[in-house]
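FYI, in our numbering the residues of the sequence shown are 71 to 256. Each residue gets a CB set at the ideal place from its N, CA and C atoms; glycine is no exception. Note that the coordinates shown come from a computational prediction; the quantities given were computed from them, not determined experimentally.
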Amino acid sequence: MRSLPEDRHTVYTLGGLGVGIAGLILFLGYFVLSIPVPPVDTLTARLVFTLRWQILPLLTFMVGIERVANTRLKTSAIDPLSGKGEHLVEFYRRYAQNTLEQLCLHIVGQMTLCTFLNLESLTLIPTFAVLFFIGRMVFWFGYRSKPLHRATGFAMTFPVTMLTILYCIFCLFTSGPNFLLQNNIT
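Below is the structure:
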């Protein structure tokens, strides 16, 4: 069964809006606010800096798990094997599942990206983390209002993650897997 043209139009329109909002947040985060980066002159320091910023994206997944658990605790969905009340947690489960999928790609992408960026460009790491957080919240509220409206939040996060991974693949083949490793033992 094919999707309806009007549904595709809604998804394309809201997805385009999401890409535009993401672009604005990236512009503001990188050029206007430009979150200061401490001196991270070792590979270890870069990885720690990046890992610490991933707590914001991780929070979006934790919220999904909490909502599933709390809803189960207070409703007939408390026993997931009984099949009763599963409709009460379906939204939260789907949100958590999609967030987990995107979070895995995002975090691995960020941890890899930080090993290729120059010091001045590392401000992208907190900017991407904040964007992921905002994008997942937009996804949540859009999905909650009408499932097709999740496209805005999805488009705020997935294209950036995909481009990050593609850039890291490019760097892997142009700079090599030993980039920053020769003189960086720590």
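Just measuring C-alpha positions, the residue of Leu94, Glu76, Ile125, Phe240 sitting nearest Ala225 is Leu94. In the structure shown, the three-state DSSP call for Val107 is coil. In the three-state reduction of the DSSP assignment, Arg72 falls in the coil class, being assigned neither a helical nor a strand state.
The stretch 171-183 and the stretch 192-202 touch, with three or more beta-carbon pairs separated by less than 8 Å. A contact is defined here as three or more CB-CB pairs under 8 Å, and the stretch 213-222 fails this definition with respect to the stretch 132-152.
Note that the stretch 155-162 touches the stretch 127-144; at least 3 beta-carbon pairs, one per stretch, sit closer than 8 Å. The C-alpha of Thr185 is placed about 8 Å away from the C-alpha of Phe249. The Cβ atoms of Pro108 and Phe202 lie no closer than 8 Å to each other.
Bounds of the alpha helix (DSSP H) holding Pro196 are 194-215. Annotation: the continuous alpha helix (DSSP H) that includes Ala139 extends over 125-144. Counting the other Cβ atoms within 10 Å of the Cβ of Tyr82 gives fewer than 16, which makes it exposed.
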